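Engineer: Next up is a structure, given as structure tokens.
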Amino acid sequence: MYSEKVMDHFSNPRNMGEIEDASGVGTVGNAKCGDIMRMYLDIDEGGVIQDCKFKTFGCGAAIASSSMATELVKGKTVSQALEVTNQAVMEALDGLPPVKVHCSLLAEEAIHAALWDYAQKNQIEIEGLQKPKSDVHEGEENQEEAY
């Protein structure tokens, strides 16, 4: 069963779309379920995320997770955005069923992938940022068992 917040973000997604000439774009997928998420970031000279948009092909939980993730990083610095975890996304959505935890992991990885792209384009290093996984399915089983 989904929370009211999950249903609201699925039915009325925030920040859906794309940003032309985005500062960073990250695309991640999950081969296990077929979800694909693309996150776009518009980051100003001071390293603050001015805008964030997403395009997601996936289930309702994936769309809701994408929507909430964009809300959580907008207005944050690059460092603060890096701290947005799948747990933070799930808490903001008032939880996800255990079989949908991977959707929040996808959102976290999409943020990291977009930040990675931004760092690569600007030839900078963001402390704590690692190269994103190509498939979020890697290591996912341990996460699902924790909930």
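Using our numbering, read the sequence shown as starting at 11 and increasing by one per residue.
The C-beta atom is built at its ideal place from N, Cα and C for all residues, glycine as well.
Note that this is a predicted model, so its numbers are computed, not measured.
Taking DSSP as the reference, what is the three-state secondary structure of GLY44?
Structural biologist: Position 34 of the sequence shown holds residue 44. It is coil, neither helix nor strand.
Engineer: May I ask you to list the residues that DSSP assigns as paired with ASP145?
Structural biologist: The residue you call residue 145 lines up with position 135 of the sequence shown. Answer by DSSP bridge pairing, in chain order: GLY39.
Engineer: In terms of alpha-carbon separation, which member of LYS84, MET49, CYS43 and PRO23 lies closest to ALA32?
Structural biologist: Here residue 32 refers to the residue found at position 22 when the sequence shown is read from its first residue. Comparing Cα positions, the closest option is MET49.
Engineer: Helix, strand or coil: which one does DSSP assign to CYS69?
Structural biologist: For the purposes of this step, residue 69 is identified with residue 59 of the sequence shown, where counting begins at 1. Coil, per DSSP.
Engineer: Sort out for me which residues DSSP pairs PHE64 with in a bridge.
Structural biologist: Looking up residue 64 in the sequence shown gives position 54. Answer is MET26 and MET49.
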